[in-house]
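Written out below as structure tokens is the structure these notes cover.
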Amino acid sequence: PDFVYQAWRLFIEGRPLELAAESIGEEHYLSEVLRSIHVGLLCVQENPEYRPNMSYVVLMLGNEDELPRPKQPGFFTERDLIEANSSSSQRKPPSANECSISVLEAR
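Numbered per full-length UniProt numbering, the sequence shown spans residues 1 to 107.
This is the structure:
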């Protein structure tokens, strides 16, 4: 989740290339990296109705048409943004989530 928050923050601040590793090297790949980040953020939007289906994702990655602006990712709160900005030494370890799943069967 921290990566999604960081990606969103850098995207809305106009600095998405900071997500890319310095090892990308060749500049002609930068537009592909930016497009991939943009499409990735479209895929994790909070409202599932706004998320593209896979055929549209493939279409978006395969052309150079303008992409819609992504909306806020799911499971995103202002607290998450503040925590993402804090130093790693101040972060708390993630908690373990437990759940049980019941399978219902007809009689």
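We put the beta carbon where it would ideally sit given N, CA and C, even for glycine. Keep in mind that this is a model prediction, so the values were computed, not measured.
Next on the checklist: Pop quiz: E46 and P73 are said to be a contact at Cβ under 8 Å. What is the actual Cβ separation, rounded to whole angstroms?
Outcome noted: Your numbering for residue 46 matches position 46 in the sequence shown. Your numbering for residue 73 matches position 73 in the sequence shown. Confirmed, about 6 Å.
Item to check | Whether L61 touches R51 by CB criterion (9 Å) | outcome: Position 61 of the sequence shown, counting from 1, holds the residue named residue 61. Position 51 of the sequence shown, counting from 1, holds the residue named residue 51. Cβ distance not < 9 Å, so L61 and R51 don't count as in contact.
Checklist entry - In this structure, does DSSP put P16 in helix, strand or coil? => result Counted from its first residue, the sequence shown places residue 16 at position 16. Note: P16 maps to helix in three-state DSSP.
Next on the checklist: Looking at the strands, I want to know which residues DSSP matches up with Q45.
Outcome noted: What you label residue 45 is simply residue 45 of the sequence shown in a count that begins at 1. Beta bridge pairing from DSSP links Q45 with P73.
Next on the checklist: My assumption, with CB atoms under 8 Å, is that A20 sits in contact with V33. Please give the rounded CB distance.
Outcome noted: Within the sequence shown, residue 20 is the residue found at index 20, counting from 1. Within the sequence shown, residue 33 is the residue found at index 33, counting from 1. Confirmed, about 5 Å.
Item to check | Nonlocal neighbours in the same chain, by C-beta distance under 7 Å from residue 108, ignoring five residues either side | outcome: Coverage of the chain is limited to positions 1 through 107, which leaves residue 108 absent and any answer about it impossible.
Item to check | Backbone CA spacing between E18 and I12 [nearest angstrom] | outcome: As a first step, residue 18 must be located in the sequence shown, where it is residue number 18. As a first step, residue 12 must be located in the sequence shown, where it is residue number 12. In this structure, the alpha-carbon of E18 lies about 12 Å from that of I12.
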